[in-house]
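Just below is one structure, and these are the notes that go with it.
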Amino acid sequence: MHGERGWCPSHAKDRAHIGPARPVYDDAIPEAREDAPAHMRTEVNEILLGVSRTLGLLSKKEKRGLFLATFVMLITGILTNAPAVILGRLVDRLVSGNVISFAIVVPFIILLSVIVLVREGLTVLRKYLIENIATQTNKQQTVKVIERLLKVDIGGYLHQQQIGSLYGRLFRSIEGLIGILKLSFIEFMPAFFGAVAAIGIAFLQKPVMASAMILVIPTGAFLIFKQVTSQKGIRVALLRQMEVVDGKVIEMLAGIETIRVLNTVNYEVAKIEKSAEESRKIEIKHHIAMALYDAAKALNEGAFTIAVIVLSIYLASRSMISKGDILVYSILFTNITMPLRQIHTILDEMSEYSIEVDDLFNILNQPLDVSFTEQGADAKISENTDKPAVSVTNLSFAYPGTTDITTLDAMDLTIKNGETIGIAGSSGCGKTTFIHILLKLIHGYKGEVSLFDQALESISREELAGKIAYVPQKPFVFSGTIKDNILYGCQRTVPDEELLEAARNACILDEIQQSLGGMDGLVSENGNNLSGGQQQRLALARVMLQSPQLIIFDEATSALDNTNESIVQKNIERIFKQKTVITIAHRLTTLENANRILVFHEGKIAQQGDFKSLSETKGLFQDFLQQRGTTPEVK
Ligand SMILES: Nc1ncnc2c1ncn2[C@@H]1O[C@H](COP(=O)(O)OP(=O)(O)OP(=O)(O)O)[C@@H](O)[C@H]1O
Ligand SMILES: [Mg+2]
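Residue numbering for the sequence shown follows the numbering used here, beginning at 16 and increasing consecutively.
Shown next, in the form of structure tokens:
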């Protein structure tokens, strides 16, 4: 990204402008940006928003499926209440005569059986429709959210997250989405339609009874509303607490060796225990409140049940309804109170799921890294150019939140095409930061940067991947075979001989064949079954298969022994002859053959020259050599 020229780090006012690039939103999920923040929304709004967002993520076909499922639920609701009426009529028939004839019962039983069979058949159909949509949504959203995470601004969102917490949040947020779907369409709606059908049937039969029965709803609804609203904060607190534990566990497992060597197991366990105790305290408070609300709801329901029975007996005694109707109304009333009983758990869980869906939208709505959204970033890097490979003018950069510390300070640099450059400098002086800018991994710098005469911002990620090879300080080695790891990122089919040659050039072929189980040998997660040097050599073999114009090694051979390092270094020089190579190394002998060495110091290039001239000149480079006992004479 082109910045303004002439920025000077001593201008504190200007310095404040350095920071992450302006967020770039895409239009994939527009509505999430317009919503009020989660803490400002009421619980009911939260739930409604959660439901509408969930529905918004569904395709037309899936929405049609939901519509069909809703229609099926309506029929099932009627079928659930029909047995009450049939039983009422049966009782009337039974009590009307002096002798009970079994033949009277048969048609009723047949009718009841048919109703139950049809109802269960429809229930299976409804569950299939919903589960099908839920599994599809689960798959699609998991893919979408992971793709999003891989494309967000590394320096912004990802650096603010504890990776373990993010991982937990990610999968819970998808669970929340599926939870809303299932809870709405498998639990809530059937109960709701059942109750609506019960009220409808009661109204058709005896409006006065129906009116008495629905009086249970206002008090029940009030209690449920109170119950749900009083617990929202607790749900959020529990969720966040869980994320804290997730984050700690992942962090601990990554540092298990250090924990063991320092014998800090008890200390780590105490940390987890503290978090778990905090969760427990929140949870028990929640359960006590729930128990009290449940009791109030049961009392409300009990009082109305008695009222409905008394009223129906009174009406029957006055022959206003039949005896069988006493049974009909008590069953219908149970069907009305059923959703009231369930709805709290449903709403309670819905409010938690809504928070999780909020998290999902939050992740899905994270701005994409600018390198994925730049318009017109389609410049091609030409191979035959006399123009410089790298050209940097007045480059300054400070990490977000550290505006008083300037990592790169008005740096000017030109690297000729085909030049081999070494970069030296003390730890933390900005070497990796400089490389990350060239690779468009961080943005928001000031000054101008071009690669092969193309402004950095006009080069697409794809073009960059094709023309620049990079071996980072911490190689990316993943679970899979050795071959998978070496071929990673390679866009073409690689013949076996070439694969072996790449491994040989990276000085790892013998180990692959003798002790790592061959090319199909398995690498465990994060390359944990490989030594640091083996991981680095796999990453080096990977780069040997590429034909880039610019190759960047950031401490890529630091974990190799001297012999391997020197062989690999020679192979690199041979394979990437004529190419532009930038090598960062603390081991200065690695840089011996570089055309030019840049010595970074406090965000500037303090010295430059070839190895010989720098080692003979008083200054930082000579100091480094002396500290490492590698003065030219000693070499
Ligand atoms: N993501 C980040 N956020 C904030 N500060 C950072 C970040 N990454 C690096 N820094 C800081 O920027 C400075 C330069 O870091 P950089 O990684 O570029 O150093 P380096 O020269 O590559 O060091 P080393 O030789 O140890 O690899 C350091 O002070 C570091 O603390
Ligand atoms: Mg570094």
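Idealized CB from N, CA, C, for every residue including glycine. Just so we're clear, the structure is a prediction, and the values are computed from it rather than from any experiment.
| Check | Outcome |
| --- | --- |
| Between the CA atoms of glycine 495 and glutamine 642 - distance to the nearest angstrom | 41 angstroms |
| Whole-angstrom distance between serine 562 and leucine 277, CA atom to CA atom | 45 angstroms |
| Status (buried if at least 16 other CB within 10 Å, exposed otherwise) for asparagine 147 | exposed |
| Environment of tyrosine 308 [buried if 16+ CB atoms lie within 10 Å] | buried |
| Helix, strand or coil at phenylalanine 568 according to DSSP, with G and I counted as helix | strand |
| Burial state of tyrosine 282 (16 or more Cβ within 10 Å) | exposed |
| Simplified DSSP assignment, three categories, for histidine 302 | helix |
| Residue list, Cβ distance to ligand 2 heavy atoms smaller than 7 angstroms | Lys446, Thr447, Gln488, Asp569, Glu570 and Ile599 |
| Aspartate 261 beta carbon less than 8 angstroms from that of serine 188 | no |
| Beta-carbon separation (whole angstroms), isoleucine 438 vs isoleucine 597, contact threshold 8 angstroms | 7 angstroms |
| Ligand 3 heavy atom lying under 7 angstroms from the CB of valine 110 | You won't find ligand 3 in this model; what it holds is ligand 1 and ligand 2. |
| Inter-residue spacing [alpha-carbon to alpha-carbon] between glutamate 580 and glycine 624 | 23 angstroms |
| Assigned secondary structure, aspartate 535 (DSSP; H/G/I helix, E/B strand, else coil) | coil |
| Member of Ala425, Ile590, Ser465 and Asp374 whose CA lies at the smallest distance from the CA of glutamate 406 | According to the sequence as given, residue 406 is serine; it is not glutamate. That would be Ser465, whose Cα lies nearest to the Cα of serine 406. |
| Cβ-Cβ separation, phenylalanine 319 to threonine 264 (assumed contact under 8 angstroms), whole Å | First, the amino acid is wrong: residue 264 is valine here, not threonine. Rounded, the Cβ-Cβ distance is 48 angstroms, inconsistent with contact. |
| 7 angstroms Cβ shell around alanine 574 - same chain, five flanking residues per side excluded | Gly547, Gly548 and Gln551 |
| Nearest candidate by alpha-carbon position, reference arginine 557, set Val583, Gly532, Thr578 and Ser539 | Val583 |
| Check whether isoleucine 497 and glycine 536 have beta carbons under 8 angstroms apart | yes |
| Alpha-carbon spacing of glutamate 478 relative to lysine 395, whole angstroms | 7 angstroms |
| Outcome for lysine 4 when other beta-carbon atoms lying within 10 angstroms are tallied against a minimum of 16 | No answer is possible for residue 4: the residues shown for the chain start at 16 and end at 650. |
| Threonine 435 (DSSP reduced to helix, strand or coil) | strand |
| Per-residue DSSP class, three states only, for serine 406 | strand |
| In DSSP terms, what valine 596 is bridged to | Thr435 and Ile566 |
| Min CB distance serine 546 to chain C below 8 angstroms | Looking for chain C here will not work: only one protein chain is present. |
| Cβ neighbours of methionine 267 in the same chain (closer than 6 angstroms, five flanking residues each side left out) | Glu283 |
| Cβ neighbour criterion (16 or more within 10 Å) applied to valine 372 | buried |
| Spatially closest choice to glycine 459 from Phe467, Glu631, Glu472 and Cys522, by CA coordinates | Glu472 |
| Coil, strand or helix - glutamate 607 by DSSP | coil |
| Selected residue, minimal CA-CA separation from isoleucine 130, among Lys76, Leu198, Leu144 and Leu94 | Leu94 |
| Leucine 91 to glycine 481 span [Cα, whole Å] | In the sequence as presented, leucine is not what sits at residue 91; that position holds threonine. Roughly 59 angstroms between the two C-alpha positions. |
| Local conformation of glutamine 506 per DSSP, three classes | coil |
| Beta-carbon proximity check, proline 98 vs alanine 210, cutoff 8 angstroms | no |
| Inter-residue Cα distance where the pair is leucine 102 and glycine 235 | 28 angstroms |
| Under the three-state DSSP convention, the category valine 486 falls into | strand |
| Distance between isoleucine 567 and serine 475 (C-alpha atoms, nearest Å) | 18 angstroms |
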